[in-house]
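Residue numbers (our numbering): 217 to 770. We put the CB at the ideal spot given by N, CA and C, even for glycine. Please read the structure below before turning to the comments.
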């Protein structure tokens with residue numbers, strides 16, 4: 217057993233109202249620059265729908281994730297190393313721009329500069345790629361107003377699959393429609409297929425917290441990772457020629473602050489915390505023969521932080537005591553492992569995803585209430601789970617590789633919690649048979665309710681900070697008196713000009729970013745000083761030292 221720590225997230229889909237605040241704040245923080253106009257590290261999809269990029273779940277077309285070979289061993293859906301090498305310069309198996317959308321702006325100058333006249337000026341949409349007039353036909357959540365509609369719902373890959381198995385399971389008459397919101401970020405998998413697909417080894421998984429990142433210095437823009445990721449959460453920056461992805465806001469996590477999407481979530485549906493897992497058994501768990509057993513196999517990987525054997529091994533593996541304490545208080549561990557109400561997204565991809573979801577119960581409750589039933593009654597709710605509005609088969613294809621029993625069990629726990637807590641709130645005599653019917657007792661059911669409904673900030677986000685003794689490995693240190701207008705702010709030292717200490721990367725980056733944000737000119741080669749990175753270069757021109765000098769032929 218080798219114990220490792222993994223930052224994970226749980227999202228309670230019953231609380232998502234589809235406001236997209238998480239998407240907007242993430243974009244402002246991470247992808248608000250040239251080359252990333254179409255990039256959404258966080259996006260909120262309406263289900264049923266095609267998703268973003270369009271029909272990303274159709275792995276018969278995109279060939280993302282893992283599958284098993286004849287000997288039962290894991291292999292990438294994209295094929296062997298040799299077959300991927302043959303397509304390294306031209307990989308046709310990846311989404312095109314129309315599968316995302318062509319980013320646009322509007323010709324606002326026409327509105328400002330139009331002369332006075334009888335007609336109202338029109339701000340035409342302009343492509344951010346070509347600069348020409350464009351027609352808006354798709355976007356990051358084009359399905360939002362079409363959820364469950366007969367016009368587009370049949371294009372959802374999961375709807376297609378469920379319909380093939382039973383034609384009557386999903387109908388799109390108005391009175392039978394259903395919809396819910398599904399926020400998505402990078403899954404930061406235990407067995408990431410994007411990392412295995414990268415020819416240059418630029419994608420890596422951080423040892424201390426399991427966050428999957430892209431080394432921008434090593435990335436060569438082969439885009440094999442985009443094909444390999446079944447969730448299509450790696451994007452290509454066409455300005456820099458590099459791959460980019462969600463970083464789980466690791467600079468914030470290192471100081472104990474939640475991710476931007478979690479911090480700004482209006483519905484408070486996100487939970488952040490640590491999982492402990494056995495790294496030696498990840499490959500074996502991902503190679504579980506039956507796809508429906510993958511959920512249980514992944515649960516078995518997650519270790520109990522109160523187990524004395526796990527505690528002893530974790531200490532030998534270098535996990536600090538305060539991280540162990542955070543793992544014991546982790547809300548994601550409690551929801552996924554203890555209460556077993558959180559489920560992974562598409563476990564059949566065999567990547568062992570670490571962003572989990574609590575399936576929605578609200579569509580069932582809403583329909584019962586609209587029809588005049590007691591929507592909080594245990595008997596009514598239990599009977600409606602299998603029959604009304606939102607097909608359990610659809611949720612099972614999302615979260616359990618088609619195993620409806622697991623999803624039904626989760627929905628029954630959520631329904632039992634509603635009924636039991638209503639009696640408690642109204643001062644009625646508590647019915648112990650309600651929690652007992654789903655394998656829980658009254659105390660554990662109230663604890664689950666508290667975490668899901670009224671948990672405080674520090675209960676929803678249990679984030680251990682990075683250790684000071686690791687700081688030198690993370691970044692250079694510098695004295696504030698020496699930089700940013702301090703006593704030696706002009707690179708001077710006691711022995712004259714340019715004799716001071718070299719400027720730390722963090723300080724140089726700070727100045728570079730500030731210059732780019734306040735400058736009214738593009739970043740050209742002449743205006744750049746020092747090291748060139750993604751913060752102080754916008755793709756225009758070639759700063760000195762960016763490329764090796766070209767040797768002239770004799």
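Taking the alpha-carbon positions, what's the residue 256 to residue 438 distance?
Residue 256 sits at position 40 when you count from the first residue of the chain shown. Residue 438 sits at position 222 when you count from the first residue of the chain shown. Taking the straight line from one Cα to the other gives about 20 Å.
What does DSSP give as the partner residue(s) for residue 222 in the beta ladder?
The residue given as residue 222 occupies position 6 in the chain shown. In the DSSP output, where bridge partners are listed per residue, residue 222 has 491.
How many angstroms separate the CA atom of residue 506 from the CA atom of residue 659?
For the purposes of this step, residue 506 is identified with residue 290 of the chain shown, where counting begins at 1. For the purposes of this step, residue 659 is identified with residue 443 of the chain shown, where counting begins at 1. If I take the Cα positions, the gap works out to 35 Å.
Given this structure, state the Cα-to-Cα distance separating residue 372 from residue 267, to the nearest angstrom.
The sequence position of residue 372 within the chain shown is 156, counting from 1. The sequence position of residue 267 within the chain shown is 51, counting from 1. Their Cα atoms are separated by approximately 8 Å.
Opposite residue 259 in the DSSP bridges: which residues?
Sequence index remark: in the chain shown, residue 259 carries index 43 (1-based). Here residue 259 is bridged, per DSSP, to 400.
Would you check if there are 3 or more beta carbon pairs closer than 8 Å linking the segment 501-521 to the segment 545-552?
Result yes; three or more Cβ-Cβ pairs closer than 8 Å.
Could you give the distance in angstroms between the alpha-carbon of residue 501 and the alpha-carbon of residue 241?
What you label residue 501 is simply residue 285 of the chain shown in a count that begins at 1. What you label residue 241 is simply residue 25 of the chain shown in a count that begins at 1. Across the structure, residue 501 and residue 241 are spaced so that their CA atoms are roughly 36 Å apart.
Using C-beta distances below 7 Å, list every residue in its chain close to residue 228, excluding the 5 sequence neighbours before and after it, in chain order.
On the chain shown, position 12 is the one that residue 228 refers to. Excluding residues within five positions, the ones whose Cβ falls inside 7 Å are 485, 574, 668.
Are residue 642 and residue 564 close, meaning C-beta to C-beta below 8 Å?
Here the question's residue 642 lines up with position 426 in the chain shown. Here the question's residue 564 lines up with position 348 in the chain shown. Result no, Cβ atoms of residue 642 and residue 564 do not sit closer than 8 Å.
Give me whichever residues DSSP pairs with residue 486 in a beta bridge.
Locating residue 486 in the chain shown gives position 270, counting from the first residue. Paired residue(s): 227.
Please go through the same chain and pick out, in chain order, the residues whose beta-carbon is closer than 6 Å to the beta-carbon of residue 421, but skip the five residues on each side of it.
Translated into positions along the chain shown, residue 421 becomes position 205. The answer, listed in chain order, is 428.
Given residue 253, which residues of its chain have a CB within under 7 Å of its CB, disregarding the five upstream and five downstream residues?
The residue you call residue 253 lines up with position 37 of the chain shown. Sequence-distant Cβ neighbours of residue 253 in its own chain, meaning closer than 7 Å and more than five residues away, are 319, 344.
With a threshold of 6 Å on Cβ separation, who are the neighbours of residue 611 within its own chain once the five nearest residues in sequence on each side are excluded?
Numbered from 1 along the chain shown, position 395 holds the residue referred to as residue 611. Around residue 611: 575, 623.
Give the single residue among 542, 567, 572 whose Cα lies nearest to the Cα of residue 556.
Locating residue 556 in the chain shown gives position 340, counting from the first residue. Nearest option by C-alpha distance: 572.
Threshold first: 4 residues or longer. Then list the alpha helix (DSSP H) segments lying entirely within the segment 258-318, N to C.
Whole alpha helix (DSSP H) segments, 4+ residues: 275-278, 297-302.
Cutting at 6 Å between CB atoms, please list the residues of its own chain near residue 454, excluding the five before and the five after it.
In the chain shown, counting from the first residue as 1, residue 454 sits at position 238. Here the set comprises 251.
Opening and closing residue of the alpha helix (DSSP H) in which residue 428 lies:
The residue you call residue 428 lines up with position 212 of the chain shown. From DSSP, residue 428 is part of no alpha helix (DSSP H) but of the beta strand (DSSP E) over 428-430.
How many Å lie between residue 640 and residue 358 at the Cα?
Residue numbering aside, residue 640 sits at position 424 when the chain shown is read from its first letter. Residue numbering aside, residue 358 sits at position 142 when the chain shown is read from its first letter. Going by the C-alpha atoms only, they are around 42 Å apart.
Is residue 641 close to chain B? Criterion is C-beta to C-beta, closer than 8 Å.
Given the protein chain composition of this structure (a single chain), no chain B is represented.
Below 6 Å CB to CB, which residues in the same chain sit around residue 297 once its five sequence neighbours on both sides are set aside?
Along the chain shown, one-based indexing puts residue 297 at 81. Contacts found: none.
Residue 419 by DSSP, collapsed to three states: which one?
Against the chain shown, residue 419 aligns to sequence position 203. Here residue 419 carries a strand assignment [DSSP, helix/strand/coil].
Which same chain residues, not among the five before or five after residue 315, have their C-beta less than 7 Å away from its C-beta?
Mapped onto the chain shown, residue 315 falls at position 99. Correct list, in chain order: 269, 270.
Using only the alpha-carbon positions, how far apart do residue 246 and residue 259 sit?
Along the chain shown, read from residue 1 onward, the residue named residue 246 stands at position 30. Along the chain shown, read from residue 1 onward, the residue named residue 259 stands at position 43. Near 13 Å, if we compare the C-alpha coordinates of residue 259 and residue 246.
Could you please give the first and the last residue of the uninterrupted beta strand (DSSP E) stretch that includes residue 450?
For the purposes of this step, residue 450 is taken as residue 234 along the chain shown, with counting starting at 1. 450-453 is the span of the beta strand (DSSP E), which, as asked, contains residue 450.
Which residues share a DSSP beta bridge with residue 518?
Mapped onto the chain shown, residue 518 falls at position 302. Looking at the DSSP assignment, residue 518 forms a beta bridge with 493.
Looking at residue 409: is its Cβ nearer than 8 Å to the Cβ of residue 295?
To locate residue 409, count along the chain shown from 1; it is residue 193. To locate residue 295, count along the chain shown from 1; it is residue 79. Contact flag unset, no.
Three-state class that DSSP yields for residue 690 in the structure shown:
The count along the chain shown starts at 1 and reaches residue 690 at position 474. Here residue 690 scores only 46 on pLDDT, less than 50, and its place in the model is too uncertain to base an answer on.
Can you tell me which of 492, 376, 566, 609 puts its alpha carbon nearest to the alpha carbon of residue 293?
Within the chain shown, the letter at position 77 stands for residue 293. It is 566 whose Cα lies nearest to the Cα of residue 293.
Limits of the alpha helix (DSSP H) - the one that residue 613 falls within:
In the chain shown, the residue the question calls residue 613 occupies position 397. Element bounds for residue 613: 608-615.
Helix, strand or coil at residue 647 according to DSSP, with G and I counted as helix:
Start at 1 with the first residue of the chain shown, and residue 647 comes out as number 431. DSSP, read as helix, strand or coil, puts residue 647 in coil.
For residue 173, which residues of its own chain have a beta-carbon under 6 Å away from its beta-carbon, when the five flanking residues on both sides are left out?
Examination of residue 173 is not possible in this model, given that the chain is present from 217 through 770 alone.
Specify, as a first and last residue, the run of the beta strand (DSSP E) that residue 343 falls within.
Counted from its first residue, the chain shown places residue 343 at position 127. 341-343 is the span of the beta strand (DSSP E), which, as asked, contains residue 343.
Is residue 370 buried or exposed, if buried means 16 or more other CB atoms sit within 10 Å of its CB?
The sequence position of residue 370 within the chain shown is 154, counting from 1. Burial check for residue 370: the Cβ neighbour count within 10 Å stays below 16, so the residue is exposed.
Classify residue 440 as buried or exposed, calling it buried when 16 or more other Cβ atoms lie within 10 Å of its own Cβ.
The residue you call residue 440 lines up with position 224 of the chain shown. Looking at its Cβ environment, which holds 16 or more other Cβ atoms inside 10 Å, residue 440 is buried.
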